[in-house]
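By the working numbering, the letter at position 142 of the sequence shown is numbered 144, and the numbering carries on one by one without gaps. Quick reminder that beta carbons are idealized off the backbone N, C-alpha and C, glycines included.
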Amino acid sequence: MYVPDTIAAIATPAGRGGIGVIRVSGPAATALAERIARRHAAGAWTSHHLYRARICAADGTALDDGLAVLMRAPRSYTGEDVLELHCHGSPVALERILQALFAHGARPALAGEFTKRAFLNGKLDLTQAEAVMGLVGARTADAADTAATQLFGGLSARLAGVRARLITARAHVEARLDFGDEDLDLDDGALDADLASAHREVEALLATHRRGALLRQGLRIALSGRPNVGKSSLLNVLLGAERAIVTADPGTTRDVVEAETELDGVPVVLCDTAGLRAASDAAEQLGVARAEAAAAAADLVLLVLDTAAPLAPQRALLARGEALVVLNKIDLPSAWSADDEAAARAAHECVRVSARSGAGVDALRQAILRRAGAQWADNLPPLTSTRQRDALARVADALAAARAARAARLPPELVAVDLQAALEHIGTVTGAVTNEDVLDAVFAEFCIGK
């Protein structure tokens, strides 16, 4: 339940920095500004004006010299009176100022509470509120662009268009219900076209969820294979940097080496693992066990095979599970027969590369993205949460039922029920229809101060 009290929190990340920001929101923000910020300018506070001020404790002790801005409702992020204190970025100084605000009656903000208040006060819809967290947590430029598009209403606008068509369709059906005995000039073809168009739009949006999930969560890839097949070299070439140690001696990698990069805007964690073979000592046994665990936890396994060495010792790896096979060392004379490569291709998708020269690496990147479902050609704003996907799936089901009812010439009452269900489910996406449990789940993922 929304209680309009006054909350405060540090809005900048933990640790030292040049600037630290403390945010206050609620009905006491103006009073707190008067008590804690001793301005260098006389007169009443002007909203949205940045003042230099001495920031003081409850007993008047000066804590910092910084800037203060008071943003009066409704022209603020939360829609309430908001005070921001821009101070030096010492964690100790910021905590002392925060405690001074608490001493004057503010309470600690909960995770995501500022954005939750923005939603409850109509400053953002729920898709835009989720986009705030997406923008804060973006790991690539594409992820940031996706979150910004949603923050600026890209998904909301698409759903508004679908909703408008469904309202028109419902009005058509209800006219049939209310005035069925009269000679109405109603275009049933237009009704069916609106339903089909809305259904296609929703299905197209649903298809973007995989893209949104990849941009938000990223892709975890394990490089697996026998010792000295070139896993570490492949890691380095995919990163474009010397991250892993590469030598001619087998077994150089004993532990899992992780490194972050991006492929076509998708955040990726690459995991170089120990070579898979019968271990000769306890350390190597542990390395092999961790390699197998990394492969089991990965979204995609790159099984690296050495075409310059016989297939026979490597063949058993082809049966270990689903993988994208990398046929490495194509710059060297091949030790494989045509039947060997055919056997590998019969078991898995294969890409020929040379980690040494870089040949085939671009094709490997495209194969990784294709396998991850990360290639797309549309310009639709992607769904960025499971909540959005589940709600739109219910919209699609309701529209499919409405279209089936129309095709079967069922009574218009049944079509009206399905259309109303579709409209309500659209409302759950934007937050027009929601409940406290849903809001708690959404905003629990936020950081404190946002």
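Cβ pair residue i, residue j closer than 7 angstroms
{"i": "Val-417", "j": "Val-175", "result": "yes"}
{"i": "Ala-224", "j": "Ala-297", "result": "yes"}
{"i": "Val-353", "j": "Ala-369", "result": "yes"}
{"i": "Leu-197", "j": "Ala-171", "result": "yes"}
{"i": "Gly-289", "j": "Ala-276", "result": "yes"}
{"i": "Ala-284", "j": "Val-303", "result": "no"}
{"i": "Ala-1", "j": "Ala-102", "result": "No answer is possible for residue 1: it lies beyond the span of the chain, which begins at 3 and ends at 452."}
{"i": "Ala-458", "j": "Arg-40", "result": "Residue 458 lies beyond the stretch modelled for the chain, which goes from 3 to 452, so this question has no answer here."}
{"i": "Leu-72", "j": "Leu-87", "result": "no"}
{"i": "Thr-8", "j": "Gly-28", "result": "yes"}
{"i": "His-211", "j": "Arg-391", "result": "yes"}
{"i": "Arg-167", "j": "Ile-428", "result": "no"}
{"i": "Ala-113", "j": "Ala-443", "result": "no"}
{"i": "Leu-193", "j": "Pro-414", "result": "no"}
{"i": "Val-431", "j": "Ala-403", "result": "no"}
{"i": "Glu-294", "j": "Cys-273", "result": "no"}
Residue span of the beta strand (DSSP E) that contains residue i, given as start and end
{"i": "Arg-41", "result": "39-41"}
{"i": "Ala-418", "result": "Element bounds for Ala-418: not the beta strand (DSSP E) but the alpha helix (DSSP H), 414-432."}
{"i": "Leu-112", "result": "Here Leu-112 belongs to no beta strand (DSSP E), and DSSP marks it neither H nor E."}
{"i": "Ala-224", "result": "221-226"}
{"i": "Val-303", "result": "302-308"}
{"i": "Leu-326", "result": "326-330"}
Start and end residues, alpha helix (DSSP H) containing residue i
{"i": "Asn-93", "result": "Note on residue identity: the sequence assigns Pro, not Asn, to residue 93. Note, Pro-93: alpha helix (DSSP H), 93-105."}
{"i": "Thr-129", "result": "128-138"}
{"i": "Thr-263", "result": "Careful: Thr-263 lies outside any alpha helix (DSSP H), inside the beta strand (DSSP E) at 259-265."}
{"i": "Val-363", "result": "363-374"}
{"i": "Asp-7", "result": "From DSSP, Asp-7 is part of no alpha helix (DSSP H); its letter is neither H nor E."}
{"i": "Leu-441", "result": "438-445"}
{"i": "Leu-153", "result": "143-153"}
Helix, strand or coil at residue i according to DSSP, with G and I counted as helix
{"i": "Ile-57", "result": "strand"}
{"i": "Val-353", "result": "strand"}
{"i": "Gly-277", "result": "coil"}
{"i": "Asn-238", "result": "helix"}
{"i": "Glu-82", "result": "coil"}
{"i": "Ile-169", "result": "helix"}
{"i": "Val-71", "result": "strand"}
{"i": "Gly-451", "result": "coil"}
{"i": "Leu-179", "result": "helix"}
{"i": "His-201", "result": "helix"}
{"i": "Lys-163", "result": "Reading the sequence as shown, one finds Gly at residue 163 and not Lys. Gly-163: helix per DSSP, three-state reduction."}
{"i": "Arg-405", "result": "helix"}
{"i": "His-50", "result": "coil"}
{"i": "Thr-249", "result": "Low confidence applies to Thr-249: its pLDDT is 44, below 50, so where it sits in the model is not reliable, and the reading given next is rough at best. In this structure, Thr-249 counts as coil in the three-state DSSP scheme."}
{"i": "Gly-45", "result": "coil"}
{"i": "Gly-20", "result": "strand"}
{"i": "Ala-348", "result": "helix"}
{"i": "Ser-359", "result": "coil"}
{"i": "Val-1", "result": "Residue 1 lies beyond the residue range present for the chain, which begins at 3 and ends at 452; the question has no answer from this structure."}
{"i": "Val-397", "result": "helix"}
{"i": "Asp-333", "result": "coil"}
{"i": "Arg-65", "result": "With the sequence shown as reference, residue 65 is identified as Leu, and Arg is not the correct amino acid for it. Reduced to three states, the DSSP call for Leu-65 is strand."}
{"i": "Val-231", "result": "coil"}
{"i": "Ala-318", "result": "helix"}
{"i": "Ser-158", "result": "helix"}
{"i": "Arg-25", "result": "strand"}
{"i": "Leu-193", "result": "helix"}
{"i": "Ala-11", "result": "strand"}
{"i": "Leu-538", "result": "Only positions 3 to 452 of the chain appear in the structure, and residue 538 is not among them; the question remains open."}
{"i": "Leu-382", "result": "coil"}
Contact set for residue i: own chain, Cβ-Cβ below 6 angstroms, skip 5 residues either direction
{"i": "Ala-133", "result": "Ala-149, Gln-152 and Leu-153"}
{"i": "Pro-252", "result": "Any answer about Pro-252 is weak, because its pLDDT of 49 lies below 50 and its placement is not dependable; what the coordinates show is given next. Excluding residues within five positions, the ones whose Cβ falls inside 6 angstroms are Pro-229 and Asn-230."}
{"i": "Ser-336", "result": "Thr-309"}
{"i": "Ala-423", "result": "Ala-400"}
{"i": "Arg-405", "result": "Leu-197"}
{"i": "Ser-387", "result": "Glu-132"}
{"i": "Gly-156", "result": "Pro-383"}
{"i": "Pro-453", "result": "Outside the displayed range of the chain (3 to 452) lies residue 453, so it cannot be described from this structure."}
{"i": "Arg-98", "result": "Leu-65"}
Sequence-distant residues of the same chain with beta carbon closer than 7 angstroms to residue i, five excluded per side
{"i": "Ala-43", "result": "Tyr-53"}
{"i": "Ile-12", "result": "Gly-22, Ile-24, Leu-96, Leu-100 and Gly-451"}
{"i": "Arg-18", "result": "Gly-91, Ser-92 and Pro-93"}
{"i": "Ala-395", "result": "Leu-208"}
{"i": "Arg-218", "result": "Gly-136, Ala-145 and Thr-386"}
Close-in-space but distant-in-sequence residues of the same chain around residue i (CB under 8 angstroms, 5 per side omitted)
{"i": "Ala-345", "result": "Leu-313, Arg-317 and Leu-320"}
{"i": "Leu-305", "result": "Ser-226, Gly-227, Leu-319, Leu-320, Arg-322, Ala-325, Leu-326, Val-327, Val-328 and His-350"}
{"i": "Arg-373", "result": "Leu-302, Leu-326 and Glu-351"}
{"i": "Phe-104", "result": "Ala-10 and Pro-110"}
Next item on the list: Determine contact between the region 354-372 and the region 310-330, defined as no fewer than three beta-carbon pairs at a distance below 8 angstroms.
Entry: A contact between stretches requires three or more CB pairs, one per stretch, nearer than 8 angstroms, and the region 354-372 meets this requirement with the region 310-330.
Note to self: Would the region 108-126 count as touching the region 77-89 if we require 3 or more Cβ pairs under 8 angstroms?
What the structure shows: With a cut-off of 8 angstroms, the region 77-89 and the region 108-126 count as touching, because enough Cβ pairs lie within range.
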